[in-house]
Amino acid sequence: MFKIFSLLISLSFILMLFSCHQAVEMHAVTSPDGKSKITFTNTSSGMRYEVHRDLFEIITPSDLSFELIDGSIIGKRVSIIDVEASSSDEEWEQVWGEKRFIQDQHNEIRIKLKNEEDPKIEYHLVARAYNDGVAFRFHFPEQDILSTLQIADEHTHFNISGNPDVWWNDGYLKNIADPYEKIFQNTKVDKIDYANTPITFEWEGKFAAIHEANLTDYSEMKLKPGKSGNDLRSFLAEGPNGIKVERKVPFDTPWRTIQLADNEAGLIENYLILNLNEPNQIEDVSWIQPMKYIGIWWSLHLGIETWMAGDRHGATTENAKRYIDFAAANNIQGVLIEGWNAGWETWLDGDEFNFLDAYDDFDLEEVATYAKSKGVDIIGHHETGDDIPRYENEIREAFELYRKNGIRAIKTGYAGPTRPDQYDKHGQWKVNHYRMVEELAAEYGIMIDAHEPIKDTGLRRTLPNSMTREGVRGMEWNAWSDGNPPSHTVILPFTRGLSGPIDYTPGIFDVLFENSRDEMNEIFSDDEVRKNARVHTTIAKQLALFVTLYSPMQMAADLIENYEQYDDAFQFIRDVPVDWEDTKVINAKIGQYYTVARQERGGKDWFIGSTTNEEERVFDLNMDFLDENITYKATIYRDADDANWETNPTAYTIEEREVKSGDVLEIKLAAGGGAAIAIKAIE
Numbered sequence: 050m051f052k053i054f055s056l057l058i059s060l061s062f063i064l065m066l067f068s069c070h071q072a073v074e075m076h077a078v079t080s081p082d083g084k085s086k087i088t089f090t091n092t093s094s095g096m097r098y099e100v101h102r103d104l105f106e107i108i109t110p111s112d113l114s115f116e117l118i119d120g121s122i123i124g125k126r127v128s129i130i131d132v133e134a135s136s137s138d139e140e141w142e143q144v145w146g147e148k149r150f151i152q153d154q155h156n157e158i159r160i161k162l163k164n165e166e167d168p169k170i171e172y173h174l175v176a177r178a179y180n181d182g183v184a185f186r187f188h189f190p191e192q193d194i195l196s197t198l199q200i201a202d203e204h205t206h207f208n209i210s211g212n213p214d215v216w217w218n219d220g221y222l223k224n225i226a227d228p229y230e231k232i233f234q235n236t237k238v239d240k241i242d243y244a245n246t247p248i249t250f251e252w253e254g255k256f257a258a259i260h261e262a263n264l265t266d267y268s269e270m271k272l273k274p275g276k277s278g279n280d281l282r283s284f285l286a287e288g289p290n291g292i293k294v295e296r297k298v299p300f301d302t303p304w305r306t307i308q309l310a311d312n313e314a315g316l317i318e319n320y321l322i323l324n325l326n327e328p329n330q331i332e333d334v335s336w337i338q339p340m341k342y343i344g345i346w347w348s349l350h351l352g353i354e355t356w357m358a359g360d361r362h363g364a365t366t367e368n369a370k371r372y373i374d375f376a377a378a379n380n381i382q383g384v385l386i387e388g389w390n391a392g393w394e395t396w397l398d399g400d401e402f403n404f405l406d407a408y409d410d411f412d413l414e415e416v417a418t419y420a421k422s423k424g425v426d427i428i429g430h431h432e433t434g435d436d437i438p439r440y441e442n443e444i445r446e447a448f449e450l451y452r453k454n455g456i457r458a459i460k461t462g463y464a465g466p467t468r469p470d471q472y473d474k475h476g477q478w479k480v481n482h483y484r485m486v487e488e489l490a491a492e493y494g495i496m497i498d499a500h501e502p503i504k505d506t507g508l509r510r511t512l513p514n515s516m517t518r519e520g521v522r523g524m525e526w527n528a529w530s531d532g533n534p535p536s537h538t539v540i541l542p543f544t545r546g547l548s549g550p551i552d553y554t555p556g557i558f559d560v561l562f563e564n565s566r567d568e569m570n571e572i573f574s575d576d577e578v579r580k581n582a583r584v585h586t587t588i589a590k591q592l593a594l595f596v597t598l599y600s601p602m603q604m605a606a607d608l609i610e611n612y613e614q615y616d617d618a619f620q621f622i623r624d625v626p627v628d629w630e631d632t633k634v635i636n637a638k639i640g641q642y643y644t645v646a647r648q649e650r651g652g653k654d655w656f657i658g659s660t661t662n663e664e665e666r667v668f669d670l671n672m673d674f675l676d677e678n679i680t681y682k683a684t685i686y687r688d689a690d691d692a693n694w695e696t697n698p699t700a701y702t703i704e705e706r707e708v709k710s711g712d713v714l715e716i717k718l719a720a721g722g723g724a725a726i727a728i729k730a731i732e
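Using the numbering used here, read the sequence shown as starting at 50 and increasing by one per residue.
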């Protein structure tokens, strides 16, 4: 009976409510399981929508409209031309990912509208309801009276029910170097300022996250406070001459997404964003290979080596070969080399910075040939300084150079304000640049790890060479600032992580910088921040991050000599995969703790990561996700009993035991600590 009711309600219904002799039309679409619902109402002041999870109201009636550059409004008063309903239920396979097979099951309505005030154009409101959330977007069809739309702003409101807890970070400042690289705040909704998405909400027993999917040829959406404390409004990234979006019709806007869940696990095991993107467009994906990597990187942030040539230059031929040798001996597939190309002395000024010419102490061809002989991939590096015209002038030649040398992965960088400065860092023009780079890279057989990127909105489904990205306050902040607090990495999976993979660069074992401190103090003798810098975790938590913070390109970021010092702990990094068959959340509390189990793609083995904030924890982990017919050996890398992120962060214990489905593992996490568990099938 319930299934019949769910089907009927999902097909769209009309309630004719008479007030002041005017009919009000309502149309709703409900998810296949009947739990998620979005309802649209055509009022005298335009279309409004609301969102429910079961009977709980997540978003109260909220307005939808567009402001054009000439001051006219689309959506202030509209008529409904037609309503179409459809449904879909199919399974698709990720090229790589946190879950191999994704179920795309949803119901959809398309409400065809006509703007009743000038301009009297037609547009469609398309909405989908999934079991794990709802989404809507606008379609502007081809029509005689409209060829190009110039949007000054999109006024999509999100009137949040009540005043729930919310996790967010500030996204207001225009064109700064690091708009996403901030510590997340935990407040009530009425304390939000301008915010990046995803932004995550918690009521008692209900969770939601607002974001966007399939951001294509459009400006990024942020949120800003409205007139009331719980009214959030879309805020598009700036464009030149006040035009935030300019598109020829026909076109679709990005999806406005509301991921929904009844617990924290439901947020993580949520594939709404991916389902709203187009299928894979790359026919041959055999060259797209997830990997672990090391690199000439952490030493640069510590300051003991430099990007530019000189006595402390990091990217020398000799040093690169040393890292390649270590990778080949330790089941590490890639080596990142930053600072090999000339121009770093003045790169932020845009002078002499290029992507083709190496410093005299680095031979790209020799290093690439050596890496190939060792079975190791070189990860190239393109730091643009956000000088887009210069990069676009040289990008094809730079990609060709890498292809010629067998380099099939590149880390791009966009540090600094965008040039030319009339363009916002995340406006339409820049969004299109990022897409161009990823599409062109696919032509050259190159995977992209983007730093200072546009946020992920699921493009990795369509272009799976778009592997991972930064867009987060990552590990490097611990090297030259007050660092990231222990709670930071138990917030990220439920906020930034909901958008897609994170290149956080975990795996720092020398968390107190003891092996580098003397050299750092000599170089930065007057820098008190540098003198006090450290990583705010235990070693065991650094291992756990390889599982809890998902990325198909996962960096073991420390200096390789530090891994040699802690060789037994490094075994977990040797063993842990980066591509998964399935993902199961074992326990979670946003900002407090997070435990997740992931199964190796195509294999039987499982890996668990468990992390905590500043509080120590004791967990009983149920192994009911294991195969009932297999016995496993669990190798547990955990905090020692006296470990503590502040006072004893390097103390860890390694234990082994046999486990099977239904067993319970007790683990203790130190304050600021964690545990990493490799569970391997016994043949």
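Beta carbons are placed, not taken as given, at the ideal position from N, Cα and C, and that holds for glycine.
- With contacts defined by Cβ atoms closer than 8 Å, K271 and Y243 form a contacting pair.
- Straight across, the Cα-Cα distance linking M602 with T90 is about 45 Å.
- When S600, N212, D607 are compared, the shortest CA-CA separation from Y553 is found for S600.
- Shown here for N481: same chain residues with a beta carbon closer than 8 Å to its own, the five before and five after excluded, namely D266 in chain order.
- Residue range 437-453 is occupied by the alpha helix (DSSP H) that includes P438.
- Spanning the alpha carbons of W393 and A364 requires a straight line of approximately 12 Å.
- Per DSSP, reduced to three states, the secondary structure at D239 is helical.
- Between the beta-carbon of I259 and that of F207 there is about 6 Å, and that keeps the pair under the 8 Å contact cut.
- If you draw a straight line from the Cα of E492 to the Cα of A605, it is about 29 Å long.
- For D498, the CB contacts under 6 Å within the same chain, skipping 5 residues up- and downstream, are K460, M516, T517, D552, M602 in chain order.
- For P534, DSSP records no beta bridge to any residue.
- Using a Cβ distance threshold of 8 Å, G507 and I322 count as a contacting pair.
- For L321, the uninterrupted alpha helix (DSSP H) run begins and ends at 321-324, by DSSP.
- Assigned with DSSP and collapsed to three states, R126 falls in coil, not helix or strand.
- Looking at the DSSP output, F668 bridges to I716.
- Annotated as proximal: V238 and P213, with beta-carbon spacing under 8 Å.
- Non-local beta-carbon contacts of D112 in its own chain, meaning distances under 7 Å to residues more than five positions away in sequence, involve G95, R97, H204, H206 in chain order.
- In this structure, R102 is the residue among M357, N527, A618, R102 with its C-alpha nearest to the C-alpha of I307.
- DSSP places L351 within a helical segment (H, G or I) once states are collapsed to three.
- For R706, the beta-bridge partners assigned by DSSP are A683.
- Around the CB of L405, fewer than 16 other CB atoms lie within 10 Å, so the residue is classed as exposed.
- The shortest CA-to-CA distance from H500 to any of I381, G640, K474, L117 is the one to K474.
- Residue nearest to S348 within the set K276, V667, P247, Y372 is Y372 (criterion: CA-CA distance).
- The stretch 188-197 and the stretch 285-298 touch, with no fewer than 3 CB-CB distances between them shorter than 8 Å.
- Taking 8 Å as the upper bound for CB-CB distance, I386 and I427 are in contact here, some 6 Å apart.
- Between G721 and T587, the gap from beta carbon to beta carbon is short of 8 Å.
- In terms of Cβ geometry, Y612 and F619 form a close pair [threshold 8 Å].
- Look at F573 here: in three-state DSSP terms it is coil, with no helix or strand label.
- Beta-carbon to beta-carbon, A417 and W389 are separated by about 11 Å, too far to satisfy the 8 Å threshold.
- In this structure, K86 keeps its C-beta atom at 8 Å or more from the C-beta atom of T92.
- Assigned with DSSP and collapsed to three states, H260 falls in strand.
- Where T90 is concerned, the enclosing beta strand (DSSP E) starts and stops at 85-92.
- Cβ atoms of D607 and D559 come within 8 Å of each other, at about 6 Å.
- In this structure, the alpha-carbon of I108 lies about 5 Å from that of S210.
- For D624, the three-state secondary structure derived from DSSP is helix.
- Contact between T660 and K590 holds, since their C-beta atoms are separated by about 5 Å, short of 8 Å.
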